[in-house]
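First the structure, in the form of structure tokens, and then the observations on it.
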Amino acid sequence: MRIRNFVLFLAVLAVVSLAWSQEYQPKFKGDPAKSDSEAAALGFMRTVVTAEKNYKTKHNVYATSLPDLAGTGSITRRTVASNKRGDYTVSFSGKPDAYKLTMTPATIDATHRAFFVDQSGKIKAEEDKPATETSPAV
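Okay, here's the thing in structure tokens:
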């Protein structure tokens, strides 16, 4: 009985360590994310970019706040109710002719980069500081 429990313990330990040691698996061909957290942040940013394009097409101006985008594309009030998205803090500023969206993790590192996007639609990233319009594109 003790040997069986020990073998079971080793099996569970092997499964857990295998799951933790696996590298990030890209979600689609060309996925620039380096972790699941980044994939979620980038997905949110792409959703906002698409919603802003649709909003501008309909209203001839960009939305000046994230709640203004609710009902545009797949943005809901619940989606923009908080400035926290997983490991990231969202910051948005908008004017009728431009907008900026940043997503900054609590700790910026190689698998939790900071992101920036504006009305150009080009997402930019930094591995060691908050991202800005001058950061390199992903």
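Under the working numbering, think of the first position of the sequence shown as 5, with each following residue one higher.
Note that CB positions come from ideal geometry on N, CA and C, so glycine has one too.
Residue pairing by DSSP puts Y92 in a beta bridge opposite R89 and P109. For Q123, the closest alpha carbon among the candidates E130, A110, P100 and S139 is that of P100. Going by DSSP, E56 is part of no beta strand (DSSP E) but of the alpha helix (DSSP H) stretching over D40 to H63.
For F32, DSSP records no beta bridge to any residue. Here the stretch 57-68 makes no contact with the stretch 127-134; the two share fewer than three CB pairs at distances below 8 Å. K99 is bridged by DSSP to A102. Under a 10 Å Cβ-count criterion, D113 is classified as exposed, with fewer than 16 other Cβ atoms of the shown protein chains found around its own Cβ. When F119, T76 and S139 are compared, the shortest CA-CA separation from A37 is found for F119. With distances taken between CA atoms, T83 lies nearest to P71 out of Y92, L46, D91 and P71. Annotation: the continuous beta strand (DSSP E) that includes A129 extends over K128 to E130. R117 is the residue among P140, R117 and Y103 whose C-alpha sits nearest the C-alpha of A43. Rounded to the nearest whole angstrom, the C-alpha separation of V121 and L105 is 5 Å.
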